[in-house]
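Only one structure is covered here, and it is reproduced in the block below.
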Amino acid sequence: MSLRVDGVRWTVAQRAVLDGVTATAPGGRLTGLLGPNGAGKSSLLRAVAGVLAPEAGTFTLDAVDLAGLPRRERARRIALVEQEAAASVPLTVAEAVLIGRTPHASRWGGHTTADDAAVASAIAEAGVGDLAQRSLGTLSGGERQRAHLARALAQDPQLLLLDEPTNHLDVHARIELLDLLGRLTDRGVTVVAALHDLNLAASACDHLILLDRGRVAAEGTVDEVLRPEVLEPVYRVRCHLLSHPVTGRPVLTFS
Amino acid sequence: MTAPPPTGVRPADALGARPSDAVGRRRTGPWLAVATAALLVSVTLAVTVGPADLAPLDVWRSVADHVAALGGTSSGEPALGVLRDGIVWDLRLPRVLTAAAVGAGLAIAGAVMQGLTRNPLADPYLLGLSSGASLGAVAVLVLGVGVLLPVAAFVGAVLAMGAALGLAGSLGRITPARTVLAGLAVAQLCSAGTSFVIFWSATGDSYREILSWLMGSLAGARWPAVAISLGAVLVLGTGLALQGRTLDAFAFGDTAAAALGVDVQRTRWVMLTVVALLTGALVAVSGSIGFVGLILPHGVRLLVGSSHRRLLPLSALTGATFLVWADTAARTVFEPRELPVGIVTAFLGAPVFALLLWQRRSAAGDLA
Numbered sequence: 003m004s005l006r007v008d009g010v011r012w013t014v015a016q017r018a019v020l021d022g023v024t025a026t027a028p029g030g031r032l033t034g035l036l037g038p039n040g041a042g043k044s045s046l047l048r049a050v051a052g053v054l055a056p057e058a059g060t061f062t063l064d065a066v067d068l069a070g071l072p073r074r075e076r077a078r079r080i081a082l083v084e085q086e087a088a089a090s091v092p093l094t095v096a097e098a099v100l101i102g103r104t105p106h107a108s109r110w111g112g113h114t115t116a117d118d119a120a121v122a123s124a125i126a127e128a129g130v131g132d133l134a135q136r137s138l139g140t141l142s143g144g145e146r147q148r149a150h151l152a153r154a155l156a157q158d159p160q161l162l163l164l165d166e167p168t169n170h171l172d173v174h175a176r177i178e179l180l181d182l183l184g185r186l187t188d189r190g191v192t193v194v195a196a197l198h199d200l201n202l203a204a205s206a207c208d209h210l211i212l213l214d215r216g217r218v219a220a221e222g223t224v225d226e227v228l229r230p231e232v233l234e235p236v237y238r239v240r241c242h243l244l245s246h247p248v249t250g251r252p253v254l255t256f257s
Numbered sequence: 033m034t035a036p037p038p039t040g041v042r043p044a045d046a047l048g049a050r051p052s053d054a055v056g057r058r059r060t061g062p063w064l065a066v067a068t069a070a071l072l073v074s075v076t077l078a079v080t081v082g083p084a085d086l087a088p089l090d091v092w093r094s095v096a097d098h099v100a101a102l103g104g105t106s107s108g109e110p111a112l113g114v115l116r117d118g119i120v121w122d123l124r125l126p127r128v129l130t131a132a133a134v135g136a137g138l139a140i141a142g143a144v145m146q147g148l149t150r151n152p153l154a155d156p157y158l159l160g161l162s163s164g165a166s167l168g169a170v171a172v173l174v175l176g177v178g179v180l181l182p183v184a185a186f187v188g189a190v191l192a193m194g195a196a197l198g199l200a201g202s203l204g205r206i207t208p209a210r211t212v213l214a215g216l217a218v219a220q221l222c223s224a225g226t227s228f229v230i231f232w233s234a235t236g237d238s239y240r241e242i243l244s245w246l247m248g249s250l251a252g253a254r255w256p257a258v259a260i261s262l263g264a265v266l267v268l269g270t271g272l273a274l275q276g277r278t279l280d281a282f283a284f285g286d287t288a289a290a291a292l293g294v295d296v297q298r299t300r301w302v303m304l305t306v307v308a309l310l311t312g313a314l315v316a317v318s319g320s321i322g323f324v325g326l327i328l329p330h331g332v333r334l335l336v337g338s339s340h341r342r343l344l345p346l347s348a349l350t351g352a353t354f355l356v357w358a359d360t361a362a363r364t365v366f367e368p369r370e371l372p373v374g375i376v377t378a379f380l381g382a383p384v385f386a387l388l389l390w391q392r393r394s395a396a397g398d399l400a
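Chains as they are written, first to last, in our numbering: chain A, 3 to 257; chain B, 33 to 400.
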């Protein structure tokens, strides 16, 4: 289920937020979407999810042209977890997760046993079984992020898009979330996550796409992308590359 | 609201147990049964309240008589006698049923607006829809084309809603506070327009009539009013309740709803138009009654949560019961003088409005 993005262009107030983005997220892998603030990471995720309509470009998921799919059909294949999605009304975790079933709901119907089963397994997979009856507002940042992830999993997506999923999470919650994403890719879900933390990307991602002002500055493996000569012009910092003493993965320091 | 403490359900248990238990679905069945029973009892009792000595059973006897008459098996003389039967069938029952239908419709309208605009303060009265509908209704009454009353009320509600949301949007990002301020401006303008039209056209004492449009009154409600309001609630309310899961999808905002496959703009405008249609039909028979759409949905959310498939039917039932009693109070407390029913609902609703503001004081950023 690889995602292919081809020549995507989206302009707001005469500024090209996405300026001809062409990239690939390999199937069943965790792809990191990197880039400084305003590089177009969130916009690209929203465009893939069908939330915004770019002027040009195509999206193909496993050889299916997404533009040709009805909205609901697209939402059954792709789930998006936004950066800060606050509920306007009090909801329990279980109720929030059920909302993820919206694209699968029959036009007029209530909840089906398929809904119940999908909600239960999403709750179990995201590890929020203990929290199912808690109100979203009472959860810690890490718990809330997992609840949102459970909501996305209830959509039963082939492609999961995450916008800064590790923001505001402590180290433990961060590792827990990455473990969960690892289990998802193991069962074939393609995951694309916009990330700010380059070292996190270095340790967890299989594939990286680096955006700079709406264009792809680099794409490839961790070793191909996380190099000082690639990162320095994009982030406008001095960058030093070390090697992790245990994993051998790249570690970056900045000055 | 705090949920019950964690039950210690492990994922493995969750998968094995009945799924509805695992996902913690709150039970609505009992609430619906209680609310339906409460409404039936309230309607029956409310008809008996007032001058003329009537027992609850008399109400049903009269209903049975008239149903039999419709079926052509009438025995001729009403069981209650012509006078008391007339009080039940021609005066009180249609008024009480209209109150129930209007209360149900306003509660549904409020709940749907709150869901669609993600605004806890949204309500057909606060956002000016009711005042717009009143102005439309009064305008056609003055022109002498009363047949168009519900249509004109609908047009007034749509224009007022468009004006309020348009004004709120043009002030910047649409926030609850901006929407309420814009609604206030629209409501004041439409109320002034309504008052002026009545003042300008009325030959005698126009103040009673002005008051009944601005504060709401069910004094004139007969069977045609029941037909309009109940018909609108059954058709439009059911339609909205069936879209409950789509409404739920708006809980996390427009982007989340769109990512769940909802056509956000189209859904929002279609549903808001249905709300305006509903409001128009209700206001055409009752004038603008405030706060019903604010109090009941918030109360019901505390009981059964925010899922619209449960929220809308239960809000409708409790809203109906609420307005039945509010109107009963309005017509009996200062007997023989009548209080506009909107005064009763405002006395009860304004504190709830204040409470909602107070609860969200920490989230002032959301409101500003």
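Beta carbons are placed, not taken as given, at the ideal position from N, Cα and C, and that holds for glycine.
Does any CB atom of chain E fall closer than 9 Å to the CB of residue i?
i	result
A/Leu46	Absent here is chain E; the protein component of the structure consists of chains A and B.
Taking Cβ-Cβ distances shorter than 9 Å, what residues in chain A pair up with residue i?
i	result
B/Ala139	Ordered by position in chain A, no residue passes the 9 Å Cβ test against B/Ala139, which lies about 15 Å from the chain.
By Cβ distance, which residues of its chain are closer than 6 Å to residue i, with the 5 residues on each side in sequence left out?
i	result
A/Leu180	Ala206
B/Asp53	Model confidence at B/Asp53 stands at a pLDDT of 42, short of 50, so the residue's coordinates are unreliable; what they give is reported in the following sentence. So no residue of the chain qualifies.
A/His246	Val253
B/Ala195	Val218
B/Ala189	Leu161, Gly164, Ala165, Ala308, Thr311, Gly312
A/Gly190	Gly30
A/Leu156	Before going on, a small fix: residue 156 of chain A reads as Ala here, not Leu. Contacts found: Val99, Gly102, Arg103, Ala120, Val121, Ala124.
A/Glu1	What the structure shows of chain A is the stretch from 3 to 257, and residue 1 of chain A is not part of that stretch, so it cannot be assessed.
I believe residue i touches residue j by the beta-carbon criterion, under 8 Å. Please report the beta-carbon distance rounded to the nearest angstrom.
i	j	result
A/Arg74	B/Gly276	Contact doesn't hold; Cβ gap of about 16 Å is too wide.
A/Pro11	A/Ala58	According to the sequence shown, residue 11 of chain A is Arg rather than Pro. About 4 Å separates the two Cβ atoms, so the contact holds.
A/Leu213	A/Leu100	With 8 Å as the limit, A/Leu213 and A/Leu100 do not qualify as a contact, their Cβ atoms being about 34 Å apart.
A/Val218	A/Thr62	Not quite, the Cβ-Cβ distance comes to about 17 Å (not below 8 Å), so this is no contact.
A/Thr187	A/Gly34	The pair is not a contact, with the Cβ atoms about 12 Å apart (cut-off 8 Å).
Give me the chain B residues within the contact set of residue i, using Cβ-Cβ distance strictly less than 7 Å, ordered along the chain.
i	result
A/Pro105	Leu292, Gly293
A/Val53	Thr287, Ala290, Ala291
A/Arg217	Result: empty, since nearest Cβ-Cβ is about 24 Å, beyond 7 Å.
A/Arg74	Gly293
Residues of chain A with CB closer than 7 Å to the CB of residue i, please, in chain order.
i	result
B/Gly285	Ala87
B/Ala288	Glu84, Ala87
B/Arg150	Ser90
B/Arg210	Within chain A, no residue comes near B/Arg210; the closest Cβ sits about 15 Å away, beyond 7 Å.
B/Arg341	Gly112
B/Arg277	Thr104, Ala107
What does DSSP give as the partner residue(s) for residue i in the beta ladder?
i	result
A/Leu164	A/Val83, A/Ala195
A/Gly34	A/Ala195, A/Leu210
A/Cys241	A/Phe256
A/Thr94	A/Ser137
B/Asp359	Partner(s): none; B/Asp359 has no beta bridge.
A/Gly222	A/Leu210
A/Asp67	A/Thr62
B/Ser295	Here the sequence assigns Asp to residue 295 of chain B, which means Ser is not the residue at that position. For B/Asp295, which the question treats as bridged, DSSP gives no partner whatsoever.
B/Val336	Partner(s): none; B/Val336 has no beta bridge.
A/Asp158	A/Asp158 pairs with nothing; no bridge assigned.
A/Thr26	A/Arg6
Cβ closer than 8 Å: which chain A residues qualify as neighbours of residue i?
i	result
B/Ala18	Given a span of 33 to 400 for chain B in the structure shown, any question on residue 18 of chain B remains unanswerable.
Can you list the residues of chain B that residue i reaches, using a CB-CB cut of under 9 Å?
i	result
A/Ala15	Residues of chain B passing the Cβ test: none, with the nearest at roughly 16 Å.
A/Glu226	Correct list: empty, because the minimum Cβ distance to chain B is about 31 Å.
A/Ala77	Ala290, Ala291, Leu292, Gly293, Val294
Between which residues of its own chain and residue i is the CB-CB distance below 7 Å, once the five residues before and five after are set aside?
i	result
A/Arg153	Ala98, Val99, Ile101, Gly102
B/Asn151	Pro208, Thr211
B/Val296	Asp286, Ala289, Ala290
A/Ser4	Thr26, Ala27, Pro28, Gly29, Asp64, Thr192
B/Trp121	Ser94, His98
B/Val306	Leu268, Gly271, Leu272
B/Pro182	Ile260, Gly312, Ala313, Ala316
B/Asp280	Ser339, His340
For residue i, collect the residues of the same chain with a Cβ closer than 8 Å to its Cβ; drop the 5 residues on either side in sequence, then sort them by chain order.
i	result
A/Val14	none
B/Thr353	Ala67, Ala70, Leu71, Ser74, Ala132, Gly135
A/Ala88	none
Worksheet item: Any contact of the segment 132-148 of chain A with the segment 91-108 of chain A, i.e. 3+ C-beta pairs under 8 Å?
Response: yes
Worksheet item: Per the contact definition of three or more C-beta pairs closer than 8 Å, is the segment 181-197 of chain A in contact with the segment 102-119 of chain A?
Response: no
Practice prompt. Indicate whether the contact test is met: 3 or more Cβ pairs, each with one atom in the segment 247-266 of chain B and one in the segment 313-320 of chain B, closer than 8 Å.
Written response: yes
Worksheet item: Are three or more beta carbon pairs between the segment 244-259 of chain B and the segment 373-382 of chain B nearer than 8 Å?
Response: yes
Discussion item. Would you call the segment 353-366 of chain B in contact with the segment 382-393 of chain B, where contact means no fewer than 3 C-beta pairs closer than 8 Å?
Written reply: no
Worksheet item: On the three-pair Cβ rule with 8 Å, is the segment 170-183 of chain B touching the segment 131-149 of chain B?
Response: no
Worksheet item: Pairing CB atoms from the segment 80-92 of chain A with CB atoms from the segment 144-162 of chain A, are three or more of them under 8 Å?
Response: yes
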